Each structure stands twice: as C-alpha cells, then as structure tokens.
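First residue of the sequence shown: 1469, per our numbering; consecutive thereafter.
Heads up, the thing below is written out as structure tokens.
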Amino acid sequence: MKGILPVYCRTMGYVVLLLSVFVPLLMFMFGMINDSNLLFTKASIKLLIWFSLFMIFLAKVKDENEKISRIRVKAICYAIYLLGIYYIVMLVRGVYNGNLEEADNSIAIVYMAFNVICLEFGVQKSRVDRLFKK
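As structure tokens, then:
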C-alpha cells in the first residue's frame, strides 16, 4: 500500500493532531466549553484526530519505495493485533467496573493511533537498518 498524500501532509497531520489535543484544553481553561457546546466540541475533536491520523498514515515518506509499502502493510497488521489486545483489556476492565460501554468508546481512533505508531516505528527501523548496512 503506497502513500497517496504528498510528503508535507505527514508534518501537517502532526500539527493538526497536536492542535486537536491542546486547543480544547485551552478552550476549557478560558471557559469556552460549556454544556451547550460540549457534544459538538467532543465530536469535532474526534473528527480532527481521526483526520490527522489518516493524513499521517497515508502521506508518502521522503524516500518512498516498495519497502515502505511493506512496512505500511505490516503496520496495519500490528495495529489489528494491538487493537485486539486493547479491546480485550477494555472489556475485562468494563466487566470489573460494571460499565461495558467503556470498551466501545473511540475504538476507531485507537486503531488509527496504533496504525500510525506501528508505521512510524517501522519507518524509523528501516532507516536505522539502511544506515548501518552502508
């Protein structure tokens, strides 16, 4: 699976991700989040996080080649394994706390976050391997 977005979308995705995490905290500190707009704010934060993670995952790497494509596919596989572990842990935690709704909360965002983490690890590992082979 090759990257379909330009290289600069990777950096832009990280910027949007940081903004979507810290801007709501600032909005809360300044009293801009209240009961009337809480649901809208929460939904828009999740949408921005989802959008930024897709930008990071689908952006091309500077030296995009077949090896990077294989790393991207491996990242998807590893993310599915990690998602399964996460889901089982959340189910057990939900049973322990008596609230099974905890397991289904934002599961897709967690999956994409695992995807991005696995992709970044694979790309960095590939760079280090290539450096030491030369």
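The beta carbon of each residue, even a glycine, is placed where N, CA and C say it ideally should be.
Computed from a prediction, not measured in an experiment: that's the story for all the values here.
Give me the Cα-Cα distance between residue i and residue j, rounded to the nearest whole angstrom.
i: SER1488; j: ASP1597; result: 33 Å
i: TYR1476; j: LYS1593; result: 21 Å
i: ILE1533; j: PRO1474; result: In the sequence as displayed, the identity of residue 1533 is Asn instead of Ile. Answer to the nearest angstrom: the Cα atoms are 14 Å apart.
i: PRO1492; j: SER1504; result: 15 Å
i: LEU1551; j: ALA1511; result: 22 Å
i: ALA1547; j: ASN1567; result: 25 Å
Identify which residue in the options has its Cα closest to the Cα of residue i.
i: THR1479; options: ILE1553, SER1520 and ILE1472; result: SER1520
i: TYR1555; options: LYS1542, PHE1582 and SER1537; result: PHE1582
i: GLY1471; options: VAL1560, SER1537, PHE1508 and VAL1483; result: SER1537
Is there at least one Cβ from chain C nearer than 9 Å to residue i's Cβ?
i: VAL1491; result: Of the chains in the structure shown, none is chain C; there is only one protein chain.
Looking at the ligand MG, does it come within less than 8 Å of residue i, judged from the CB to the closest heavy atom?
i: LYS1510; result: Among the components modelled here there is no ligand, and therefore nothing to report on the ligand MG.
Considering just the uninterrupted stretch of the alpha helix (DSSP H) at residue i, what are its terminal residues?
i: MET1580; result: 1575-1601
i: PRO1474; result: No alpha helix (DSSP H) holds PRO1474; DSSP gives it neither H nor E.
i: ILE1618; result: Because the chain in this structure spans residues 1469 to 1602, residue 1618 falls outside the shown range and cannot be described.
State the CB to CB distance for the pair residue i and residue j, rounded to an integer number of angstroms; the pair is presumed to be in contact (CB under 8 Å).
i: TYR1482; j: ILE1524; result: 6 Å
i: ARG1540; j: MET1469; result: 5 Å
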